[in-house]
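A quick write-up on the structure given underneath.
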């Protein structure tokens with residue numbers, strides 16, 4: 001008989017006994033402490049354990065297969081009658097294999113789930129020496145390999161029953177009154193079967209669908225017309241010509257139907273006509289329509305940022321965040337070409353208009369020619385401070401290989417910093433130099449402009465650009481004369497510079513600016529002219545000008561879009577015609593591409609707080625669209641996107657999910673972008689009425705202790721129905737297949753794998769039998785003897 005210890009390291013404490021005092025008085029204490037340490041180390045000896053447990057899977061995926069297999073085994077040679085345990089999501093001890101489980105017992109076991117790990121732990125808790133596991137190896141909860149007990153587990157695999165399951169219904173969350181709703185029932189089958197699918201919308205049956213389905217997953221489309229405003233409930237039930245479990249043969253889905261509101265279209269006639277042909281109400285207007293409460297289902301823009309005030313941009317941004325829909329379409333003044341970078345509206349688009357890290361950028365040389373005359377000090381904040389902020393934003397956007405220069409002019413010109421590379425150190429020094437600019441003198445542009453042109457002529461950069469900013473007349477004194485008294489033709493200077501490969505943009509600010517000639521300079525220099533009467537837009541103008549000057553945002557050529565897999569594009573041909581041009585953008589991390597061009601999006605969407613947004617980067621009004629404008633799927637794709645944008649979040653939105661043997665209900669209450677707190681809400685299901693408690697701002701939760709049987713959970717506020725949630729009874733019982741699980745359990749536990757039922761007479765295992773009570777009792781006895789002797793001596 002070999003003795004072992006469960007915690008042998010505790011025996012090291014015996015060394016501490018050597019430090020106890022010597023003498024007869026300590027002998028009893030020495031012995032009792034030694035025995036106590038031995039007891040704590042967990043002495044054990046191997047002893048045969050002839051008790052066997054037979055675990056029989058009765059979950060839905062097995063049916064009666066495991067029970068029949070157990071009855072086919074011969075247990076007559078075992079020393080003891082086995083312990084029979086039936087299990088699914090829970091476990092139950094059986095009196096024998098002849099016992100038939102009642103419906104109530106089977107329901108108590110939870111056949112919709114199978115938890116092998118729980119069954120193994122129940123067997124181990126009954127002090128068995130070995131276990132025979134009869135199952136199909138599918139576990140929909142728990143992790144058997146992580147919970148293996150310290151006993152050998154033999155395994156025998158049975159075949160799972162064939163099953164046809166209705167996984168889910170795919171449909172839009174919200175539709176408009178009178179819309180044709182396109183939906184899909186997703187079916188998964190383990191066998192070829194004949195299918196009958198019965199679908200009802202608010203109790204009104206649709207045409208029965210009958211068809212043969214193959215093994216695997218099938219998508220069965222159906223459609224109906226949305227009638228009546230409010231919530232409608234889609235229910236589906238399948239039946240087949242093969243015998244199979246019924247637990248997952250139903251599904252339901254709730255859709256909200258709302259009345260139409262018009263779509264506001266600004267600057268995109270082609271899009272407006274396309275949407276009208278799709279039956280949508282469209283209003284065409286200019287930027288003046290962006291005021292007050294935006295009572296539109298969606299706003300579509302094809303315009304530059306200069307058409308809108310900062311207040312209008314903030315209004316549009318808040319409109320989206322509070323549940324509105326926004327779409328920007330391509331054009332000569334859209335996205336990066338329209339100076340939308342770093343605007344409140346760009347923040348809610350699915351794309352970035354800056355391409356800082358995604359495009360091969362040619363070497364750029366850019367010179368800012370900045371007016372620092374005394375008049376630039378006016379305003380709050382002053383014009384010079386806003387101009388400096390804009391110049392610093394140009395520095396921030398520069399690549400380390402870009403060349404930047406800044407020259408100021410007043411009575412004389414002065415380089416703040418000549419052309420230099422925008423390295424990390426260079427950008428820091430440039431920003432500091434810009435901050436040190438001070439105002440003085442009048443407005444003499446010519447020397448500074450010539451210096452800028454001369455410096456760029458000496459540069460070998462591929463792109464050369466000048467930005468001129470002034471708030472005054474382009475001369476110092478009573479007429480347009482240079483220092484030598486001759487007339488200065490600034491547009492001619494710009495034209496000559498352009499012929500040398502240098503473009504010029506101009507920014508006129510303040511009421512006293514030389515608007516006419518600055519515009520002429522920009523036109524002759526093939527740049528852009530900005531009339532910034534609102535000086536608060538200066539930083540944005542500088543940023544946008546730097547971006548468009550440095551990058552070729554317009555992509556041209558015969559480009560073939562790729563159609564992505566997405567519910568909004570269901571049923572559309574993947575053969576999408578080519579386009580001729582589009583504006584390059586980069587997709588934001590939380591956005592989705594519907595149509596792509598390599599790494600760049602053509603049509604993309606995203607959710608923004610409570611609202612939604614989309615971006616189409618080509619122009620349907622021009623030759624940019626090419627053959628793409630004739631694509632048969634174009635109208636359907638864009639109208640689907642716009643209808644998706646029209647979706648408004650319900651004030652009360654609910655989700656229902658399985659949790660254990662019940663349902664977790666979560667309701668979010670939001671109105672006009674604000675959380676609704678302090679609501680008295682309750683959930684009704686299967687005759688139960690459970691109050692919801694508030695767990696966070698606008699969030700309410702409840703647990704319904706009832707087995708999920710499909711159907712709908714109704715959310716009420718008093719007597720008013722405010723939301724509903726479909727109960728999805730899919731439980732994973734047939735989804736988490738581990739064909740090798742039974743083999744892994746047997747191998748890792750030291751058991752055997754049985755390929756067929758027959759005689760079951762495994763070797764009797766020797767299991768460790770705890771021996772710690774013996775030294776513990778001895779230690780206690782010695783301690784009692786010591787107390788007695790000490791008392792006896794004290795009395796004598």
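Residue numbers (my numbering): 1 to 796. We treat Cβ as the ideally placed atom computed from N, Cα and C, and that holds for glycine.
Check: Pairwise C-alpha distance: residue 15 and residue 693; Outcome: 60 Å
Check: Host beta strand (DSSP E) of residue 657 (start-end); Outcome: 652-659
Check: Boundaries (first-last residue) of the beta strand (DSSP E) holding residue 669; Outcome: 662-671
Check: Same chain, Cβ closer than 8 Å to residue 472, neighbours up to 5 away in sequence not counted; Outcome: 371, 373, 375, 442, 443, 510, 512, 513, 514
Check: Any alpha helix (DSSP H) of 4 or more consecutive residues that is wholly inside the stretch 53-80; Outcome: 65-72
Check: Distance between residue 26 and residue 789 (C-alpha atoms, nearest Å); Outcome: 12 Å
Check: Spatial distance of residue 323 from residue 449 (CA atoms); Outcome: 49 Å
Check: Identity of the residue in 364, 388, 470, 422 nearest residue 462 by Cα; Outcome: 364
Check: Distance, residue 341 Cα to residue 634 Cα; Outcome: 28 Å
Check: Span separating the alpha-carbon of residue 626 from that of residue 281; Outcome: 27 Å
Check: Between the CA atoms of residue 204 and residue 573 - distance to the nearest angstrom; Outcome: 32 Å
Check: Collapsed DSSP secondary structure at residue 271 in the structure displayed; Outcome: helix
Check: Short Cβ contact (8 Å threshold) for residue 292 with residue 616; Outcome: no
Check: Paired residues, beta bridge with residue 530 - DSSP; Outcome: 507
Check: Cut-off 7 Å between Cβ atoms - residues of its own chain near residue 636, not counting five sequence neighbours on either side; Outcome: 572
Check: Length of the line joining the Cα atoms of residue 177 and residue 337; Outcome: 38 Å
Check: According to DSSP, residues forming a beta bridge with residue 290; Outcome: Paired residues: none, contrary to the question.
Check: Beta-bridge partners of residue 87, as assigned by DSSP; Outcome: 57, 91
Check: Selected residue, minimal CA-CA separation from residue 516, among 503, 496, 491; Outcome: 491
Check: Boundaries of the beta strand (DSSP E) in which residue 580 is found, first to last residue; Outcome: 579-583
Check: Per-residue burial, residue 245 [other beta carbons within 10 Å of its own, 16 or more giving buried]; Outcome: buried
Check: Three-pair Cβ contact test at 8 Å for the stretch 54-70 versus the stretch 147-167; Outcome: yes
Check: Delimiting residues of the beta strand (DSSP E) encompassing residue 405; Outcome: 403-409
Check: Distance between beta carbons of residue 21 and residue 52, contact taken as under 8 Å; Outcome: About 54 Å separates the two Cβ atoms, so there is no contact after all.
Check: Backbone CA spacing between residue 782 and residue 29 [nearest angstrom]; Outcome: 8 Å
Check: Presumed contact (8 Å Cβ cut-off) between residue 259 and residue 229, rounded CB distance; Outcome: 6 Å
Check: Backbone secondary structure at residue 491 - three-state DSSP; Outcome: helix
Check: Rounded straight-line distance, which links the Cα of residue 78 to that of residue 754; Outcome: 17 Å
Check: DSSP state of residue 430 mapped onto helix, strand, coil; Outcome: helix
Check: Three-way DSSP call (helix, strand, coil) for residue 206 in this model; Outcome: coil
Check: Residue 785 burial status per 10 Å Cβ neighbour count (16 or more: buried); Outcome: exposed
Check: At least three beta-carbon pairs within less than 8 Å, the stretch 374-389 to the stretch 604-620; Outcome: no
Check: Outcome for residue 339 when other beta-carbon atoms lying within 10 angstroms are tallied against a minimum of 16; Outcome: buried
Check: Closest Cα partner of residue 447 within the set 559, 407, 557, 93; Outcome: 407
Check: 8 Å contact criterion, which residue 113 and residue 140 should meet: CB distance rounded; Outcome: 5 Å
Check: Euclidean distance between Cα positions of residue 486 and residue 599; Outcome: Here the model assigns residue 486 a pLDDT of 44, short of 50, so the residue's position is not dependable and the matter cannot be decided.
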